[in-house]
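Enquirer:
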Amino acid sequence: MNQSFPSLKNDLLLRALKGEEVERPPVWMMRQAGRYLPQYMKLRKKYSFFERVETPELACEITLQPIDELEPDAAIIFSDILTIPQALGIDVDLVPGKGPVMGNPIRNVDDAFAILAEDVPEKLQHVMDAITLTRNELNGRVPLIGFGGAPWTLFCYMVQGEGSRNFDKAKAFLTQHPDASRHVMKELTKATIDYLKAQVDAGAQVIQLFDSWAGILSPDDFNEWSLPYLIEITKAIKEVPVILFAKGAWYGLERMSFKSGASALGLDWTISPEFGREKTRNNITLQGNFDPTHLLGPIQDIEMKTKRMIDRFGTQRYIANLGHGILPNVPVDHARAFIDTVKNYEGKK
59 MNQSFPSLKN DLLLRALKGE EVERPPVWMM RQAGRYLPQY MKLRKKYSFF ERVETPELAC
119 EITLQPIDEL EPDAAIIFSD ILTIPQALGI DVDLVPGKGP VMGNPIRNVD DAFAILAEDV
179 PEKLQHVMDA ITLTRNELNG RVPLIGFGGA PWTLFCYMVQ GEGSRNFDKA KAFLTQHPDA
239 SRHVMKELTK ATIDYLKAQV DAGAQVIQLF DSWAGILSPD DFNEWSLPYL IEITKAIKEV
299 PVILFAKGAW YGLERMSFKS GASALGLDWT ISPEFGREKT RNNITLQGNF DPTHLLGPIQ
359 DIEMKTKRMI DRFGTQRYIA NLGHGILPNV PVDHARAFID TVKNYEGKK
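Under our numbering, the first residue of the sequence shown carries the number 59, and numbering increases by one thereafter.
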């Protein structure tokens, strides 16, 4: 750490990640900084998405909004996983109603071999500045989480050129051009390690690695095209705990828990707490896995389902969270009900 920051007042998340005993599970929500909050929507009307990401003062303000509003046990920096493709020369635009669109996707072997991980932290200095500013502004209230996208997920967008349900072009590219694909994966891995280490130096106290599209790979393809790079990145980040979230890769839980070196594994809502515990043999902290759509139900249902989720996971080696990002149409009071239910949890009655 290059800076000296205010001392941490709420270390519940860090203790859960170390496997230490906690009085209750910590709670935060993926995508908690952003689109469901009215105060965020005001900024959205004034600034484009990448203006918000690339202006440290705005990213800091947006990161702090849910901390002030909902008081979860962690902040996660407002940014995007597609910052790394940008740093590698891919033009990324966020098209309303469509999502991310790449202006110059990887279309052939030459495009693939042209991808080189050079000076990534320098190109993404705005993220580091936002982290340092936010860490100071938090004043020790809660830990700050930094994050990045996993190589396979970034590869999906860089080859497909846009969001997709099955990323058929990306999967076809793996099959048709394995050497070129491997080159891109290696460069993405190097870029991600450099980027995440720079986030830690800037003040991130936890790192989460998102492999959002791991679940579209077969178990064999996951073992070849995702897992080795996840392991390499996780083992390279030694200074702070790493949460690994490979959405949909239920078949990889056992390997990830014993081989990755991660401090915690994120689970999506398709995995039962019992299955998650059995496959990881209670050897690692688990995070998740409330279905975000359930936050659209009545508050009393949210409270009941949240309590049941904690009953099943148990209070130790557990971080309460959603199974994916919060939806834009979730009422703020419903998000608050989820967080407050975890904070007020008293065990099975």
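Positions of the beta carbon are idealized from the N, C-alpha and C atoms, including for glycine. Note that this is a predicted model, so its numbers are computed, not measured.
Which full runs of the beta strand (DSSP E) of 3+ residues lie inside the segment 155 to 179, going along the chain?
Expert: Here the runs fully enclosed are 157 to 160.
Enquirer: Excluding five sequence neighbours on each side, which residues of the same chain lie with their C-beta closer than 7 Å to the C-beta of Leu-52?
Expert: Because residue 52 is not part of the residues shown, which for the chain are 59 to 407, the question remains open.
Enquirer: Could you give the DSSP three-state label for Gln-266: helix, strand or coil?
Expert: Taking the sequence shown and counting its residues from 1, the one referred to as residue 266 is at position 208. It is a strand residue.
Enquirer: Just the C-alpha distance for Ile-251 and Gly-161, rounded to the nearest angstrom, thanks.
Expert: Here residue 251 refers to the residue found at position 193 when the sequence shown is read from its first residue. Here residue 161 refers to the residue found at position 103 when the sequence shown is read from its first residue. If you take the alpha carbons of Ile-251 and Gly-161, they lie about 25 Å apart.
Enquirer: Out of curiosity, what's the CA-to-CA distance linking Phe-280 and Ala-272?
Expert: For this step, residue 280 is matched to residue 222 along the sequence shown. For this step, residue 272 is matched to residue 214 along the sequence shown. Looking at the two C-alpha atoms, the distance is approximately 7 Å.
Enquirer: Can you tell me which of Arg-223, Gly-306, Leu-325, Ile-301 puts its alpha carbon nearest to the alpha carbon of Ser-318?
Expert: Position 260 of the sequence shown, counted from the first residue, corresponds to residue 318. Among Arg-223, Gly-306, Leu-325, Ile-301, the Cα nearest to that of Ser-318 belongs to Ile-301.
Enquirer: Using alpha carbons as the reference points, say which of Ile-342, Lys-305, Val-400, Leu-311 lies closest to Trp-327.
Expert: In the sequence shown, the residue the question calls residue 327 occupies position 269. Nearest of Ile-342, Lys-305, Val-400, Leu-311 to Trp-327, Cα basis: Lys-305.
Enquirer: Which of helix, strand or coil does DSSP assign to Gly-206?
Expert: In the sequence shown, residue 206 corresponds to position 148, counting from 1. The three-state reading of DSSP puts Gly-206 in strand, counting E and B together.
Enquirer: Between Leu-196 and Ala-133, which are expected to be in contact by the criterion C-beta below 8 Å, what is the C-beta distance as a whole number of angstroms?
Expert: Along the sequence shown, read from residue 1 onward, the residue named residue 196 stands at position 138. Along the sequence shown, read from residue 1 onward, the residue named residue 133 stands at position 75. With 8 Å as the limit, Leu-196 and Ala-133 qualify as a contact, their Cβ atoms being about 6 Å apart.
Enquirer: Where do the N-terminal and C-terminal ends of the beta strand (DSSP E) with Ile-301 fall, by residue?
Expert: Here residue 301 refers to the residue found at position 243 of the sequence shown. It spans 300 to 304 - the beta strand (DSSP E) in which Ile-301 sits, taken as one unbroken run.
Enquirer: Looking only at its chain, what residues have a beta carbon closer than 8 Å to the beta carbon of Val-388, apart from the 5 residues adjacent to it on each side?
Expert: The residue you call residue 388 lines up with position 330 of the sequence shown. Cβ neighbours of Val-388 beyond the five flanking positions: Tyr-94, Pro-350, Leu-353, Leu-354.
Enquirer: Taking Tyr-309 and Met-243 to be in contact with their CB atoms under 8 Å, please state how far apart those CB atoms are, rounded to whole angstroms.
Expert: Here residue 309 is taken as the residue at index 251 of the sequence shown, counted from 1. Here residue 243 is taken as the residue at index 185 of the sequence shown, counted from 1. Not a contact, Cβ separation roughly 20 Å.
Enquirer: Tell me which residues share the same chain as Arg-73 and place their Cβ nearer than 6 Å to its Cβ, disregarding the 5 neighbours each side in the sequence.
Expert: Translated into the one-based positions of the sequence shown, residue 73 becomes position 15. Answer for Arg-73: Val-80, listed in chain order.
Enquirer: Could you tell me whether any Cβ in chain C is nearer than 8 Å to the Cβ of Lys-255?
Expert: The structure shown contains no chain C, having only a single protein chain.
Enquirer: What is the DSSP secondary structure of Phe-348, reduced to helix, strand or coil?
Expert: Here the question's residue 348 lines up with position 290 in the sequence shown. Three-state DSSP puts Phe-348 in a strand.
Enquirer: With DSSP run on the structure shown, which of helix, strand or coil describes Thr-113?
Expert: Against the sequence shown, residue 113 aligns to sequence position 55. Note: Thr-113 maps to coil in three-state DSSP.
Enquirer: With a threshold of 16 other CB atoms inside 10 Å of the CB of Ser-276, please say whether the residue is buried or exposed.
Expert: Residue 276 sits at position 218 when you count from the first residue of the sequence shown. Counting of Cβ neighbours within 10 angstroms places Ser-276 among the exposed residues, the total staying below 16.
Enquirer: Could you name the residues of the same chain whose beta carbon sits closer than 7 Å to that of Lys-227, not counting the 5 residues immediately before and after it, in chain order?
Expert: As a working note, residue 227 is residue 169 in the sequence shown. Taken in chain order, the residues that qualify are Val-217, Gln-218.
Enquirer: Output the distance between the C-alpha atoms of Glu-332 and Asn-224, rounded to the nearest integer angstrom.
Expert: One-based indexing of the sequence shown puts residue 332 at position 274. One-based indexing of the sequence shown puts residue 224 at position 166. Each residue's Cα considered, the two are about 28 Å apart.
Enquirer: For Ser-62, count the other beta carbons within 10 Å of its own beta carbon; 16 or more makes it buried, fewer makes it exposed. Which is it?
Expert: Mapped onto the sequence shown, residue 62 falls at position 4. That one is exposed.
Enquirer: Taking all protein chains shown into account, do 16 or more other C-beta atoms lie within 10 angstroms of the C-beta of Met-367, making it buried, or fewer, making it exposed?
Expert: Translated into positions along the sequence shown, residue 367 becomes position 309. By the neighbour-count rule (16 or more Cβ atoms within 10 Å), Met-367 is buried.
Enquirer: For Phe-348, count the other beta carbons within 10 Å of its own beta carbon; 16 or more makes it buried, fewer makes it exposed. Which is it?
Expert: Mapped onto the sequence shown, residue 348 falls at position 290. So Phe-348 counts as buried.
Enquirer: Thinking C-beta only, is Gly-204 closer than 8 Å to Val-150?
Expert: Residue 150 sits at position 92 when you count from the first residue of the sequence shown. Residue 204 sits at position 146 when you count from the first residue of the sequence shown. For Val-150 and Gly-204, no; Cβs fall outside 8 Å.
Enquirer: Checking 8 Å against the spacing of the C-beta atoms, do Leu-212 and Pro-143 come in under that value?
Expert: Sequence index remark: in the sequence shown, residue 212 carries index 154 (1-based). Sequence index remark: in the sequence shown, residue 143 carries index 85 (1-based). Yes, these two residues count as a Cβ contact at 8 Å.
Enquirer: Reducing DSSP to helix, strand and coil, say where Asn-281 ends up.
Expert: Reading the sequence shown from its first residue, position 223 is the one you call residue 281. Of the three classes helix, strand and coil, the one that applies to Asn-281 here is helix, per DSSP.
Enquirer: Only counting the same chain, and skipping five residues up and downstream in sequence, which positions put a Cβ closer than 7 Å to that of Thr-247?
Expert: In the sequence shown, the residue the question calls residue 247 occupies position 189. Same-chain partners within the cutoff: Pro-209, Tyr-287, Glu-290, Ile-291.
Enquirer: Rounding to the nearest angstrom, what Cα-Cα distance links Val-400 and Tyr-98 in this structure?
Expert: Here residue 400 refers to the residue found at position 342 when the sequence shown is read from its first residue. Here residue 98 refers to the residue found at position 40 when the sequence shown is read from its first residue. Going by the C-alpha atoms only, they are around 24 Å apart.
Enquirer: Let me know if Pro-84 comes out buried or exposed under the rule of 16 or more other beta-carbons within 10 Å of its beta-carbon.
Expert: The count along the sequence shown starts at 1 and reaches residue 84 at position 26. So Pro-84 ends up on the buried side.
Enquirer: With DSSP run on the structure shown, which of helix, strand or coil describes Glu-78?
Expert: The count along the sequence shown starts at 1 and reaches residue 78 at position 20. In the structure shown, Glu-78 sits in coil (DSSP, three-state: anything other than H, G, I, E or B).
Enquirer: By a C-beta neighbour count over all protein chains shown, 10 Å radius and 16 as the cutoff for buried, is Glu-78 buried or exposed?
Expert: For the purposes of this step, residue 78 is identified with residue 20 of the sequence shown, where counting begins at 1. By the neighbour-count rule (16 or more Cβ atoms within 10 Å), Glu-78 is not buried but exposed.
Enquirer: According to DSSP, Leu-12 sits in a beta bridge with which residue or residues?
Expert: An answer regarding residue 12 cannot be provided, because it is not within the stretch 59 to 407 covered by the chain.
Enquirer: Helix, strand or coil for Leu-191 per DSSP?
Expert: For the purposes of this step, residue 191 is taken as the residue at position 133 of the sequence shown. Taken through DSSP and simplified to helix, strand or coil, Leu-191 comes out as helix.
Enquirer: Going by the DSSP bridge assignment, what does Asn-343 pair with across the sheet?
Expert: On the sequence shown, position 285 is the one that residue 343 refers to. For the sequence presented, residue 343 should be read as Thr rather than Asn. Answer is Ala-322.
Enquirer: Of the choices Phe-231, Ala-230, Ala-188, Leu-146, whose alpha-carbon is the least far from that of Lys-181?
Expert: To locate residue 181, count along the sequence shown from 1; it is residue 123. When only C-alpha atoms are compared, the closest one is Leu-146.
Enquirer: Ordered along the chain, which non-local residues of its own chain (more than five positions away) have a Cβ less than 6 Å from that of Arg-110?
Expert: As a working mapping, residue 110 is identified with position 52 in the sequence shown. Closer than 6 Å at Cβ, skipping near neighbours: Leu-116.
Enquirer: If you draw a straight line from the C-alpha of Glu-127 to the C-alpha of Phe-231, how long is it?
Expert: As a working mapping, residue 127 is identified with position 69 in the sequence shown. As a working mapping, residue 231 is identified with position 173 in the sequence shown. Going by the C-alpha atoms only, they are around 44 Å apart.
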